[in-house]
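Engineer: Taking the working numbering, the leading residue of the sequence shown gets 1389, the next gets one more, and so forth.
Just so it is clear, CB atoms sit at the ideal spot from N, CA and C, and this is done for glycine as well.
Given the structure is predicted, the values throughout are model-derived calculations rather than measurements.
I'd like to ask some things about the structure below.
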Amino acid sequence: MWNNFYLSTFFSVYCFFGVFFESTVSCYRIEPGTIAGIVSIDVLLTLIIVAVTYRCASFRHKKVENANKVYMNVRANCKKK
């Protein structure tokens, strides 16, 4: 998401200096649909990364809880003997 911000800032500054120095080179025009598509894909990928990270973290947390339960059971079995 920040990459899009930096990219748009770069192009804005580049176009400003192009106009300021009266260059004959015009700015590249990006259509609004293209920008909307880039932002949409960025949001979608961010949500996918967050979901995968949450899933992996919750799975690891469950393994830790189950490991403690097994340890407690083994310990209890050792005391019975």
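From Ile-1429 to Tyr-1394, what distance separates their C-alpha atoms?
Structural biologist: Position 41 of the sequence shown, counting from 1, holds the residue named residue 1429. Position 6 of the sequence shown, counting from 1, holds the residue named residue 1394. Answer to the nearest angstrom: the Cα atoms are 17 Å apart.
Engineer: If we ignore side chains and look at the alpha-carbon of each, how far apart do Leu-1432 and Thr-1441 end up?
Structural biologist: In the sequence shown, counting from the first residue as 1, residue 1432 sits at position 44. In the sequence shown, counting from the first residue as 1, residue 1441 sits at position 53. Straight-line Cα distance between these residues: approximately 14 Å.
Engineer: Would DSSP call Ile-1418 helix, strand or coil?
Structural biologist: Walking along the sequence shown from the start, residue 1418 turns up at place 30. Three-state DSSP puts Ile-1418 in coil, outside helix and strand.
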